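Novice: Throughout the sequence shown, residue numbering follows our numbering, covering 2 to 433 in sequence.
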Amino acid sequence: MGLTRRLVTVCTLLIVGLGCWSGLASAQGGEAIAGTFLNREDGNKPVAGVKVDVVDSSGKKVGTAVSDDSGKYSLDLPGPGTYTAKLQVGSLPKGVRLTDTKKTQLTVEVSEGRRRAIIFPFGKGIAGPAGALDRLPGTLLDGVRLGLIIAMTAIGLSLIYGTTQFTNFAHGEMVTFGALVTWFLNHDGGLPVLWSALIAVALSAVAGLVLDAGLWGPLRKRKTSPFSLMVVSFGLSITLIAVYQLFFGTRNRPFTEYAIQKPLFSLGSQNVPPRAIVTIVLSVVVLGAVGLFLQRARFGKAMRAVADNGPLAASSGINTARVVRLVWMMGSALAGLGGVLYSLDQGVNFLEGQSLLLLMFAGITLGGLGTSFGAAAGCFILGVAIQLSTLVNFSETFRVPPSLKNVGALVVLIVVLMVRPQGVFGRRERVG
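1. Give the C-beta separation of Val63 and Pro79 to the nearest angstrom, bearing in mind that I take them to be a contact with Cβ-Cβ under 8 angstroms.
2. Closest by CA to Phe362, which one among Gly379, Val349 and Phe374?
3. Could you check whether Phe38 and Gly60 sit closer than 8 angstroms to each other, using their CB atoms as the reference points?
4. Considering only C-alpha positions, which residue in the set Arg223, Val194, Gly292 and Arg421 is nearest to Leu160?
5. Quick check on the DSSP output: the alpha helix (DSSP H) that includes Glu110 runs from which residue to which?
6. Enumerate in chain order the residues of its own chain whose CB-to-CB distance from Leu360 is below 6 angstroms, with the five nearest sequence positions on each side excluded.
7. In the DSSP assignment, what residue or residues form a beta bridge with Val425?
8. What I want to know is whether the C-beta of Ser75 ends up closer than 7 angstroms to one or more non-hydrogen atoms of the ligand SAM.
9. Just to confirm before moving on: does the CB-CB distance between Ala377 and Gly384 stay below 8 angstroms?
10. So is Arg357 buried or exposed if we call it buried at 16+ other beta carbons inside 10 Å?
11. How is the alpha helix (DSSP H) around Tyr245 delimited, first residue to last?
12. Name the two residues that bound the continuous beta strand (DSSP E) containing Ala86.
13. Which whole-angstrom value describes the C-beta separation of Ala315 and Ser238, a residue pair presumed to lie in contact below a C-beta threshold of 8 angstroms?
14. Go to Leu76, then tell me how far its beta strand (DSSP E) extends in each direction, as first and last residue.
15. Can you say whether Thr268 is buried or exposed, counting buried as having 16 or more other CB atoms within 10 angstroms of its CB?
16. Whole angstroms is fine: what's the gap from Gly332's alpha carbon to Arg326's?
17. Using CA atoms only, rank isn't needed, just tell me which of Arg223, Gly179 and Phe185 is closest to Val202.
18. Hey, which unbroken runs of the beta strand (DSSP E) at 3 residues or more fall wholly within the segment 250-303?
19. For the beta strand (DSSP E) that Thr65 lies in, which residues bound it at each end?
20. My assumption, with CB atoms under 8 angstroms, is that Gly375 sits in contact with Gly424. Please give the rounded CB distance.
21. Let's see if you can read the secondary structure: which residues bound the alpha helix (DSSP H) around Val55?
22. Quick one: is Trp329 buried, meaning 16 or more other Cβ sit within 10 Å of its Cβ, or exposed?
23. So, at 7 angstroms on beta carbons, what are the nonlocal neighbours of Trp22 in its own chain, with the 5 sequence-adjacent residues on each side left out?
24. Report the three-state DSSP secondary structure of Leu93 (helix, strand or coil).
25. Spatial neighbours of Gln89 within its chain, please: CB distance less than 6 angstroms, with the 5 preceding and 5 following residues excluded, ordered by chain position.
26. May I ask you to list the residues that DSSP assigns as paired with Phe1?
27. Going straight from the alpha carbon of Ala306 to that of Gln296, what length do you get?
28. Is the distance from the Cβ of Ile281 to the Cβ of Arg146 below 8 angstroms?
29. Spatial neighbours of Ile387 within its chain, please: C-beta separation below 6 angstroms, excluding the five flanking residues on both sides.
30. Could you tell me if Asn310 is buried or exposed, where buried requires 16 or more neighbouring beta carbons within 10 angstroms of its beta carbon?
31. So Gly348 and Pro255 are supposed to be a Cβ contact under 8 angstroms. How far apart are they, rounded?
32. Between which residues of its own chain and Gln166 is the CB-CB distance below 6 angstroms, once the five residues before and five after are set aside?
33. Roughly how many whole angstroms lie between the Cα atoms of Thr65 and Ala208?
34. Is DSSP giving Phe123 helix, strand or coil here?
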């Protein structure tokens, strides 16, 4: 089967999978409104005891949230929809004032399974909505963070394809696995998020080993075709999603230690929390380490050799079975770590792996299917482009809504398949 035909098949199954995912997503819950009150005029000191009334689109009161000693407040919502948060000005402590005294209420759209942050700035500042130029630095930083996370999760997927010639549709569930294990160890086990994440990454590697030894390895020995393996991975993905939903539920749950943080600094109109910088730095370090491993380490060179030409690598004495197993372990560990980093900002959800799968495929297709460095570069570029697309304004009243920003990934997928199926960094493949 030629490269173009394989890519078309992958995209077809991906679209079918996204349809199944959309059906599952409709059952999500766990919507909430949250935020943090900080007084700019007092060194961003938390403001406690501030009350916020929340009403739905019909004007019915949902409840009242009160900020605690750390300035944080949160209120669970009955479901997705349009909500208005009204600040009780009389609850403000003496000496604390709004940046814009006219904006005592804010109306927002809350999506299914999401916590929507609502911020009422206190202290001196520039009132009014931020323009595209003001939002550009913060949005660019978000794009860098998203691109690095997608690149980290996609390297394993690309290497697995390069060494086994089949596309693993269950790779997204390894992303979810890392996030869920971290959440359970932190929430139920009482471990700090850092230690929980380290254990989750190790268990993700073990899960990759078990899956290859117990499922993919035996199927390869039976000479199962790459297409059949792809179908099996699709079924495994649906099964794992059902298991995750059974044990974790449908609510989007944040890591309470990092859900709302005091910002380190402001970038344009956006406050940058510590978790954003930690995610970027850690992602760069991990991706750099993976690159050095593939370039310098003996097993890394063996991985690239098997991905380039498996039969030739085997004839030269490389143990391809061992290399493939190591690829599964490393790819699963990277996916698990990516899931943890993604959840620090977005919260933990049983479908988060599926939400990243489209972006992984689009980035890999852009960079080159089967190439580790090309896949990482393609995913990074895609992540930045997706976030920057939210700055596009066609008029005063119409702009690209955040809910549609991932549509650009599908456009990239289609254009690359039509113009250069092997990707920007991939090589042409002779068929026939």
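Every residue, glycine too, gets a C-beta built ideally from N, C-alpha and C. All of these numbers come straight from a predicted model, not from anything done at the bench.
Specialist: In short, the structure shows the following:
1. 7 angstroms
2. Gly379
3. no
4. Gly292
5. No alpha helix (DSSP H) holds Glu110; the beta strand (DSSP E) holding it covers Gln106 to Val111.
6. Ile151 and Ala410
7. None, per the DSSP bridge assignment.
8. Absence of the ligand SAM from the depicted structure is noted, as is the absence of any ligand whatsoever, leaving it without description.
9. no
10. The identity of residue 357 in the sequence shown is Leu, whereas the question assumes Arg. With 16 or more Cβ atoms within 10 Å of its Cβ, Leu357 is classed as buried.
11. Pro227 to Phe249
12. Gly82 to Leu88
13. In fact, because the Cβ distance is near 30 angstroms, the residues do not count as touching under 8 angstroms.
14. Lys73 to Asp77
15. Residue 268 is actually Leu in this sequence, not Thr. Looking at its Cβ environment, which holds 16 or more other Cβ atoms inside 10 Å, Leu268 is buried.
16. 10 angstroms
17. Gly179
18. 266-268 and 271-273
19. Lys62 to Val67
20. 6 angstroms
21. Not the alpha helix (DSSP H): Val55 falls in the beta strand (DSSP E), residues Lys52 to Asp57.
22. buried
23. Summary for Trp22: the model assigns pLDDT 41, below 50, so the residue's position carries little reliability, and this model does not support an answer.
24. coil
25. Lys52
26. Because the chain spans 2 through 433 in this model, residue 1 falls outside it and cannot be assessed.
27. 11 angstroms
28. yes
29. Lys406 and Gly409
30. exposed
31. 4 angstroms
32. Pro227
33. 44 angstroms
34. strand
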